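Asks: Numbering (our numbering), first residue to last: 756 to 1220. Backbone N, C-alpha and C fix where the C-beta goes; we use that ideal spot for every residue, glycine too. None of the values given here were measured: they were computed from a predicted structure.
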Amino acid sequence: MEGSAAAGHHERLRLVFATCDEAALTDIGQDLAPAFFISLATDASALLQSLHEHTPEIVVIDLDTIFPDAPDVFSHVAAIREAAADILLVVISRKPLPKARQRTRKAGGDEFLLAPVDFGELREYLLEAGQQRHRDLQARAFRDEVTRRSSFCGLIGGSEPMQRVYEALRRVAPSNTTVMLRGESGTGKELAARAIVSLSPRRDRPFIGVNCAALPEALMESELFGHEKGSFTGAHASRPGQVELADSGTLFLDEIGSLGLALQSKLLRVLQDRSVQRIGGKSPRKIDFRLITATNDNLEQMVKAGQFREDLYYRICVIPISLPPLRDRSGDLPLLLDHYMRMYCIAADLPLKRFSPDAMQMLESSSWPGNVRELENLTQRLALMVDDDVIDVEHLPQKLVIESAASQDKILIPAEGVQLDEEMSRIEFAYLQAAIRRAGSKRGAAAVLGIPIQKVKYLCRKHGI
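1. What's the C-alpha gap between Leu970 and Glu976?
2. From this set, Ser1085, Arg1024, Ile1047 and Lys1210, which residue's C-alpha is nearest Ser930's C-alpha?
3. Taking 8 Å as the limit between beta carbons, can you name the residues of its chain near Leu1204, skipping five residues before and five after?
4. Out of curiosity, what's the CA-to-CA distance linking Lys846 and Asp786?
5. With burial defined as no fewer than 16 other Cβ atoms inside 10 Å of the residue's Cβ, what is the status of His982: buried or exposed?
6. What residue ranges within the stretch 1044-1071 form continuous beta strand (DSSP E) runs of no fewer than 3 residues, ordered along the chain?
7. Would Met1096 and Ala1138 be called neighbours here (beta carbons separated by less than 8 Å)?
8. Which residues in the same chain have their Cβ closer than 6 Å to the Cβ of Glu866, if we skip the five residues on either side of it in sequence?
9. Val998: which of Asp1176, Ala825, Pro961 and Pro1089 sits nearest, CA to CA?
10. What residues match up with Lys1041 in a beta bridge as DSSP calls it?
11. Tell me the start and end of each unbroken alpha helix (DSSP H) in the stretch 1081-1150 that is at least 4 residues and wholly inside, in chain order.
12. Helix, strand or coil for Phe980? Go by DSSP, reduced to three states.
13. How many angstroms separate the CA atom of Leu1130 from the CA atom of Ile1042?
14. Can you list, in chain order, the stretches of the beta strand (DSSP E) that have 3 or more residues and sit fully within the stretch 793-854?
15. Given Asp733, which residues of its chain have a CB within under 7 Å of its CB, disregarding the five upstream and five downstream residues?
16. Tell me, which residues are paired with Thr1005 by DSSP?
17. Can you grab the Cα-Cα spacing for the pair Ser1085 / Pro1079, in whole Å?
18. Whose CA, out of Pro871, Thr1005, Met1057 and Gly1061, lies closest to the CA of Arg1045?
19. Quick check on Phe1184: does DSSP put it in helix, strand or coil?
20. Roughly how many angstroms separate the alpha carbons of Ala1161 and Gln1153, rounded to a whole number?
21. With which residues is Arg937 paired in a DSSP beta bridge?
22. For Phe822, which option in Ser1013, Met1140 and Lys850 has the closest C-alpha, if you only look at C-alpha atoms?
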């Protein structure tokens, strides 16, 4: 049969056909059974049971016979979709329901068909759409597996530099050791801090993050250490600081190099005594916390310049872990693009977009001064603002296109420049040799190069060939 031949070229899929219309059984047996593994369900409960027992790839529902008295049949379609998220779901009705196709799609169905149905055409549609859905699911499973293998507690990347970071985070997590995370802005230092906490004994305790560059020093002191009521103008009530709130948990100080020397001295005292005294307070409070810091500054140079206390530096730089910039993470950019594109398309309920090879090549050649944060922001903008399913070069920011062209220019013309006449002579010589080797003669080389034989002979004398 035609259905058997069509099915023979594909993996046979499992199909549940939900109907109690006996007249349809003959057509199902003749047209669908040779192409699929068929299971029949004659009512709603049997349909749900078949979903669990047979885990089909395709479900076809005769709405009129399975949900005959339902005031809203599409709510049942939504329930079936919720019970089996990945199936190809097709519904059939003999009633021309208003906006049936739109309501079917909104409920999670893939297609609405108005009876009577040509079962031969239905078979061909189910074969093609079912196989495409099967391929899409396999591709998604493969991408998910790649992402799983290339991610670590929210950090995405399978490159060798990131694997070294993952190993370092695993090693330090179980201890109470102070860690300093180093790296350029946007490399994911806070994510790394949270990864340490998630693997540590303090995972269920408070995680208090403070951006030390976010507030002026006068306010940062109160933010870090807290204050008592009336300790300064505007202190209308006592308030614990972030250090105090981190008791029994983890304190994460981002951009610690921006702290002034006075605050550095107070922080050093807190670390030495493991206690904090609020502004205006009379006695210190014992605090148990783990400290993780992050910086994109060169603290060693700041120590030499007198901008950062040397004793505090040695207190916080017990185990330094460097996060690599995106430009040094070979192969990670496509993973990150796929991760963020899926995340923002799903969040905005948009079809998943992909990048053309040319666009991907241009993105991979960028230096990404803002690192992963810059990449994430760009991906979010492209997901929301580009209508096409494929992101191409024309959709990318102009600065990326210019940067890519400049990069190619640097490869073509090095910093020391070139001698154009010498360069052209080398190119001429290389083409002439290649043409003669390919053609086997000077006359053949002339035809390959599209120039007269007299010019080939002249060039051979010129280059000594």
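Replies: Let me spell this out:
1. Counting from one through the sequence shown, the residue named residue 970 turns up at place 215. Counting from one through the sequence shown, the residue named residue 976 turns up at place 221. The alpha-carbon atoms of Leu970 and Glu976 are separated by roughly 9 Å.
2. Residue mapping note: residue 930 aligns to position 175 of the sequence shown, counting from 1. Ser930 has its Cα closest to that of Ile1047, out of Ser1085, Arg1024, Ile1047 and Lys1210.
3. Counting from 1 along the sequence shown, the entry for residue 1204 is found at position 449. Excluding residues within five positions, the ones whose Cβ falls inside 8 Å are Tyr1186, Leu1187, Ala1190 and Val1211.
4. Taking the first residue of the sequence shown as 1, we reach residue 846 at position 91. Taking the first residue of the sequence shown as 1, we reach residue 786 at position 31. According to the sequence provided, residue 846 is Val. The question's Lys does not apply to it. The alpha-carbon atoms of Val846 and Asp786 are separated by roughly 18 Å.
5. Here residue 982 refers to the residue found at position 227 of the sequence shown. So His982 counts as buried.
6. 1045-1050
7. By one-based count along the sequence shown, residue 1096 stands at place 341. By one-based count along the sequence shown, residue 1138 stands at place 383. Yes, they are a contact pair.
8. Your numbering for residue 866 matches position 111 in the sequence shown. Hits under 6 Å: Val845.
9. Numbered from its first residue, the sequence shown carries residue 998 at position 243. If we check each option's Cα against that of Val998, Pro961 comes out closest.
10. Here residue 1041 refers to the residue found at position 286 when the sequence shown is read from its first residue. For Lys1041, which the question treats as bridged, DSSP gives the partners Ser1030.
11. 1087-1102, 1112-1120 and 1126-1140
12. As a first step, residue 980 must be located in the sequence shown, where it is residue number 225. DSSP places Phe980 in helix when its eight states are reduced to three.
13. In the sequence shown, the residue the question calls residue 1130 occupies position 375. In the sequence shown, the residue the question calls residue 1042 occupies position 287. Going from the Cα of Leu1130 to the Cα of Ile1042 covers about 39 Å.
14. 813-817 and 843-848
15. No information on residue 733 is available, as it lies outside the stretch 756 to 1220 that the chain covers here.
16. Your numbering for residue 1005 matches position 250 in the sequence shown. In the DSSP output, where bridge partners are listed per residue, Thr1005 has Phe962 and Arg1045.
17. For the purposes of this step, residue 1085 is identified with residue 330 of the sequence shown, where counting begins at 1. For the purposes of this step, residue 1079 is identified with residue 324 of the sequence shown, where counting begins at 1. Computed Cα separation, rounded: 11 Å.
18. Stepping through the sequence shown from its first residue, residue 1045 is reached at position 290. For Arg1045, the nearest C-alpha among the options comes from Thr1005.
19. The sequence position of residue 1184 within the sequence shown is 429, counting from 1. In the structure shown, Phe1184 sits in a helix (DSSP, three-state: H, G or I).
20. Counting from one through the sequence shown, the residue named residue 1161 turns up at place 406. Counting from one through the sequence shown, the residue named residue 1153 turns up at place 398. With a pLDDT of 48 at Ala1161, under the threshold of 50, the predicted position of this residue should be treated as unreliable, and no value is reported.
21. Residue mapping note: residue 937 aligns to position 182 of the sequence shown, counting from 1. Answer is Thr1050 and Ser1077, bridged to Arg937.
22. The sequence position of residue 822 within the sequence shown is 67, counting from 1. Answer by Cα proximity: Lys850.
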